[in-house]
Each structure stands twice: as structure tokens, then as C-alpha cells.
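Visitor: The numbers in the sequence shown follow the working numbering, run straight up by one, and end at 679.
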Amino acid sequence: MSIQRYITLSYFICTSAWCFAQSGMQARLQCVSVDPVGSVTITWQMPEDTCSDFIRYELYRSTQATGPFNLVYQVNNDPTVLSYPDNGINAQLQPYYYFVRAVSACGTFDSDTLGNLTVQVTGNGGGIATVNWSLWTNPPAGTSSLVYIYREYPAGTWTLLDSTTTAPFVDTISICNSQINYRIMVANDSGCTSVSSVDGDVFQDVIAPGITELDSLSVDTSNGNAHMGWQPSPDPDAAGYIIYQWVGGFWQPVDTLWGKNNTYFNNPGGGAGANFEQYRVAAFDSCFNVSPLGTQHNTIFLDVSIDRCTLESSLTWNEYKGWNDGVSSYTIYAIENGGTPVALDSVQGTSYIHTGLNGYSVYCYVVRANDGSGLRTSSSNKVCVYSDPPFPPAYTYVSTATVNGSAIDVTFYVDTMAEAMQYLVQRAPIASGPYATIATLTPGGSPLVTYTDNSVDPAAGPYAYRLEVINTCGASAMISSNVGQTMVCTATANNDFTNTITWTAYTDWPAGISEYRIYRTVGGVGIKAMIATVGSSQFTYIDPVDQLTSGDGSFCYEVEAVENAGNPWPFSVSSVSNEACAYQLPRLYIPNAFTPDDNGLNDEFIPISMFIDPLEYQFIVFNRWSDVVFETVDPMMGWDGTFNGHNQPLGVYVYFVKIKTVDGRTFDKKGTFNLIR
């Protein structure tokens, strides 16, 4: 059945009571709601008066506001049925208009005509959607003035964007190249809601996200990598971030992070532990629109050098850049031997001296920049240094000081592991000092260092020696734990055919002296022979030389001090004194007669000489007429009483003996003797 509705203007007069009664007999439309597939649900209000006899509702539909209208639904005898889902149509393609007729004992009464709401969506060819709509000229009673705008993305998901009382609504698209649909909803205080049809288009986001700024850029002290963080982009379609690094004179992308909330990056391919690095970050959206680069930030590169001599660390670093508020201060942290970090100081500049280091400790340093707001920090790379002052000697020892001819040889035992720059050989007249440096030696790698002192007379001593070690900083590292003081030996000839030898004590070996050994050389030739050993507390020895009269009377002695057992070092040594000589005065015994009768007794006239120089000897015999009857330079040869093979007559003869001592003195003696047969 088709009904053509006409709008007829009639002029009549009715009482207010009659008009009100007629209005109360209508079923008023409240809402027209279009679902996603185009079906329409119509909701109405039950008539207030049916004259006690409700007959039916009739629902009419048309594609035009003016008709014709067709009956699409009828319900009899049940005034409580107040809605109808009009399926099988597609209001997404065109609008539909409805009115409801209430039939009762009072008569037939039609509601106002109400069409479904529609939206019109237009784009600007970019990322802006403009949503327009038209509301009813005479909206149903109880209709809200607020229009709720919804967007469908992704398909099937509707999101409330805003509510407004005026059209149009402009939506900035943050979705890349997708179908975006819109619809509106208008509520009625009866509890129903009118939902419009859907309109949309394929939109493409061409608007880049806003600039993303780094919060801070630091160096990961565990691996030396640069790491950074930032706040998530406020743009709803932000899809991730691109990290840029200044490399080779250009800003190079080093990584792409997906996810709006993925706001931390540690660069495993960087080298912030070896030099400062510069970074910026940019956000991108789902269409890969990339924001402008944020402010450039650079890491802090810390460099530390240590002065081994003063035990000071010198820290320098580059300025941190990137914060709007700038840097308020730099805090220096130190960790000693893996302990707890200690804040040493806060400074304004980019250098710091850490004094008073403990020797042989590992110090690790980190510098932290603090921004002007007090909310952000940036940490440098971690630098560790070893506070190793020059390695000191564990020992310095005088092994021995011994006379070697006219010089003194001093041997030192040194620690070759020590970092030594020089050895100072020092000498004093006695062990207690004062000492003066007489030579500077350069370490050569051997633990035994020998110095020969040619500037002294060993017999004029004693002389004490020690060694001072100078480290590579030029400071004294150690003075030898002992000294080496030479022995001075003296020898005196006595008239009783003895020589007295005295010497000073050798100083000082830790284990002391086991014995002194006395050596003698006779006549300045031959082998030096040990003639005696005495205890460590004896410093005098009497040497009998009455059995050594055939020599020139010179006796030279040396004393050797022998180190006692128990020396803590891997050697045992001795020290030899200077050579001291004693010169026995020559002795000459001449008989007053001899009997050359070949009886084996007193057959030869010969002076008995002792302690003379055999090379400087002369013996002459004269007869009474002063004729030389015998002459020799051999102290062992005497006169047998003959001359030219003939026996000389009995009588008195004159002798002349000339001798020379080994020390250069000359003696002669004249006298007479008798030749008796």
C-alpha cells in the first residue's frame, strides 16, 4: 500500500484542549539509527491516549521526504512495541524517511516524518578530513544538541573523536593510506540514540610528527657505547624513531626503532669510549613521514693521565652540548679498587686535578654533566688508571768493599725489578758519615753493580761506601741497608826478627765476620801465602821471620775478612785490605878468623848476611899490601884463602862489605880478620 503524503495548509480554529488531545494520541518518533550494514532501527514513543482501545501501529518508509511512503511494518493490539529494525535495506547507500501511524478507538494519528542522519566527508588531498552533517529541522522532543563524531579505523573499530553542536568537524589524519569512515550520533533523553549513515574515503597522512628532542646522551660505562633516551612523541600516529650520528661530515642514520614508546637506544657500533660522539633523533609516523631532526647532543669524552711522581690524576673532557638550559656543573666521580663511587667535586670547567692518590691503587673516573634544570644528567666514558709510583727497590745491599791494588772495588747487590734511573755511589771517611756522592751509575740490568774508586789511597783509609737508588722521578728511593768499610792494614818490623801486623775491622755484613786471614809475600816476589787465621775480634798478628833471613828483608801483608755464614743474600764474599810491608833491617855477621885447611871446619871466610838485597852486594878481601885477593857480588860465596889458585900466607887481611836494603838504604863495613892454618 502506497500513501502519498501532502502538506496542506488549513486555517481553522481549535480549542487548546482539542489540539492537546489530538497531540496526545500520536506515536512520536524518537530515534532513527543506521547500523553498519545499512539496516535502520526506528524508535518511537507510545501515544499518551488511545481512548482505551489501541488497535495497531503502522510504520511507513520512503526514499524521499515527501513520499510516496510504503507500509513496512504493522503490529496489532500491543502498544508497548516501540521500535522496529528495518532490515533488507541499505541506508548506507541512500537516506530513508519514516513516520509511524497510531490507530485506536480515537482515530488514526500520524507522527512527524523523520529521516536517518547522514554525513558528508571530504578531503583536501592530504591528511585533513572535513566531516559535515545536517540535523533535522524539527528534531524529536528530548533530542540532545550535542553531536558525537566517531571515526572508524581500523575496520570495525569506532572511536569517539569529539562532541560539538556545530558542523563541520575537521580531523587531522594520522593514519597512512587507509580507508577512514565517519558517522555521528545524537542522543535522546528517552534512552535511544540516532546513528547516522557512514561516509569516508581513503586518506593518506602527509604531516610529519613534531620534533623529538633527546633528554640526554651518555656513555654506557660497562661497554663504552653511547646510549640515549627521550620522551615519547605526542603525535598519536608516531610509529618509531630514527637515530642519526655525525659520521664523516654528515648526519648518518645508524638505527631505526619501531614503536612509539621505544624511547631508549644503545649504539653497539659506536665508539664513545674512544672519542666523543654526536647524535640527533627524529620521529616518523605510520606513513614514514619523518620529523625534522632534534637538537644535536654530544657525549662527554673523558681523558685521564696520571703523574706517577706526584701521584695526581689529570682529568680533561669536552663540553656537553644539547640542553636548552645548558650545563650547570660537572661532577667528578672516582672509584678506588672497585669500591663505592665517591663524588670528588663539582666544577664549572672541563678539567680537574685529583691529588693525594694512594700508590698501587686502580682509580676509575666518570664525569657527569648536570643540566640547568637539575632534572637531567649525562655521564662520560669510564677511564681507569693505575697509580703506580716508580716501583721501589726491595733491597739495596753493599756486597763488599775490597782493595784492588791502588784502588777500591765496591760491589753492590741491587733489585733489578725496581724502576731506577740512577745509582749514586757515596763515600765517607767512617761508616757513620757524612757521605758524599763520588759517582753516578746508570742501571744496566745486572743485579751486581761494581764501582772502582781510583781516587783514594787505600792505605790512607778506611773508606766507607754506600749506594743510593734514584727512581725514575728523580727522587731517592732507597739507601743501601748496610755500608762497606774497607780495612786498613799496617806492618811494622821488629828487632826480634818479628813483624807486627795490625788492621781495622771490616764493616758491615749482617752475619758478621767468621775470620780474618793473613797473607804474606816475602821479598816482593813469589806467591802470596796465607800464614794465619784469627778470630773476628782479633786485629793484631805477630809474624816470626827468623827463618826467612835469606831474603831482602821485605815482608808484605794483606788481611782478608771472610763473611760469616747466614748471609741472607745468594752469595758469600770476602774483603781484602791494602798491602802493608815491613822491612827488617839488614844484619851482617863477620868472623875474625878462618882456617882454610880443608878439614870441613871454618874453611871459608864469608860474611853472614841477613835481610839484604842480593843484587846490591859486594864483598872484597885485601892483603896487607892492599892488593885485592878476592871479590864477589854473590852473598853465598866466601873466600877460600887462595889467589889465582895459590894459598895465601897466614896473617891479617882486610875485608870490605857493601850491602843495600830493599828499601834503598846502603851500608858498608870494613875490618880485619886472620887467616890461620
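Heads up, the beta-carbon is just placed ideally off N, CA and C, and yes, glycines get one too. Small disclaimer: the values here were computed from a predicted structure and weren't measured.
(1) Out of V400, Q428 and Y465, point me to the one whose CA is closest to V485's CA.
(2) Which partner residues does P546 have in the DSSP bridge list?
(3) Let me confirm a value: I515 is counted as buried when at least 16 other C-beta atoms fall within 10 Å, else exposed. Which label applies?
(4) Given this structure, state the Cα-to-Cα distance separating V630 from V656, to the nearest angstrom.
(5) Using 8 Å as the cut-off, can you tell me whether the stretch 612-626 makes contact with the stretch 644-661, which would need three or more C-beta pairs spanning the two stretches below that distance?
(6) Please state if the CB of Y508 and the CB of M489 are separated by a distance shorter than 8 Å.
(7) Once you ignore the five residues that flank A169 on each side, which residues in its own chain have a CB closer than 6 Å to its CB?
(8) Three-state secondary structure (DSSP) at E154?
(9) Which residues bound the beta strand (DSSP E) around M612?
(10) Under a three-way DSSP split, which group does A461 fall into?
(11) I'd like to know if the stretch 281-299 and the stretch 210-221 are in contact, where contact means that at least 3 CB-CB pairs between them fall below 8 Å.
(12) How many whole angstroms separate the CB atoms of D201 and V121, which I take to be in contact at a CB cut-off of 8 Å?
(13) What three-state label does DSSP hand P593 in the structure shown?
(14) Please list the terminal residues of the continuous beta strand (DSSP E) segment that includes W232.
(15) Determine the DSSP secondary structure at E562, reduced to helix, strand or coil.
(16) Taking DSSP as the reference, what is the three-state secondary structure of A23?
(17) Use the C-beta contact count for G275: other C-beta atoms within 10 angstroms, 16 or more gives buried, fewer gives exposed.
(18) For a test of the three-state rule: what should DSSP assign to P141, helix, strand or coil?
(19) Taking the alpha-carbon positions, what's the E562 to T542 distance?
(20) For P616, which of helix, strand or coil comes out of DSSP?
(21) Within the continuous beta strand (DSSP E) that includes P87, where are the two ends?
(22) I'd like to confirm the pairing. Which residues does DSSP put opposite T644 in its beta bridges?
(23) Assuming Y508 is part of the beta strand (DSSP E), what are its boundary residues?
(24) Taking buried to mean at least 16 other C-beta atoms within 10 Å of its own C-beta, is S35 buried or exposed?
(25) Suppose contacts are defined by Cβ-Cβ distances below 8 Å. Is K384 in contact with V364 by that definition?
(26) Which whole-angstrom value is the C-beta distance of V102 and W46, which I expect to be below 8 Å?
(27) Give the straight-line distance between the Cα atoms of N320 and S220, rounded to the nearest whole angstrom.
(28) Helix, strand or coil for N604, going by three-state DSSP, please let me know.
(29) Evaluate C558 with the Cβ neighbour count: other Cβ atoms within 10 Å of its Cβ, from every protein chain shown; 16 or more gives buried, anything less gives exposed.
(30) Is the beta carbon of D565 less than 8 Å from the beta carbon of S574?
(31) In this structure, does DSSP put N268 in helix, strand or coil?
(32) Below 6 Å CB to CB, which residues in the same chain sit around G250 once its five sequence neighbours on both sides are set aside?
(33) Which of helix, strand or coil does DSSP assign to K530?
(34) Suppose only complete runs of 3+ residues qualify. What are the beta strand (DSSP E) ranges in the stretch 391-424, listed by chain order?
(35) Quick check: what's the CA-CA separation for S293 versus Y243?
(36) Is L61 closer than 8 Å to Y100 when the C-beta atoms are compared?
Guide: In terms of the structure at hand:
(1) V400
(2) T500
(3) buried
(4) 9 Å
(5) yes
(6) yes
(7) N134 and W135
(8) strand
(9) I610 to M612
(10) helix
(11) yes
(12) 5 Å
(13) coil
(14) A228 to W232
(15) strand
(16) Interpretation of A23 is limited by its pLDDT of 42, a score under 50 that renders its predicted location unreliable; the figure taken from the coordinates is listed afterwards. A23: helix per DSSP, three-state reduction.
(17) buried
(18) coil
(19) 13 Å
(20) helix
(21) S85 to D88
(22) N649
(23) It is not in any beta strand (DSSP E) - Y508 carries neither H nor E in the DSSP assignment.
(24) buried
(25) no
(26) 5 Å
(27) 13 Å
(28) coil
(29) buried
(30) Reading off the sequence, residue 565 comes out as Glu, not Asp. Taking 8 Å as the Cβ cut-off, E565 and S574 qualify as a contacting pair.
(31) strand
(32) none
(33) coil
(34) 398-406 and 409-416
(35) 9 Å
(36) yes
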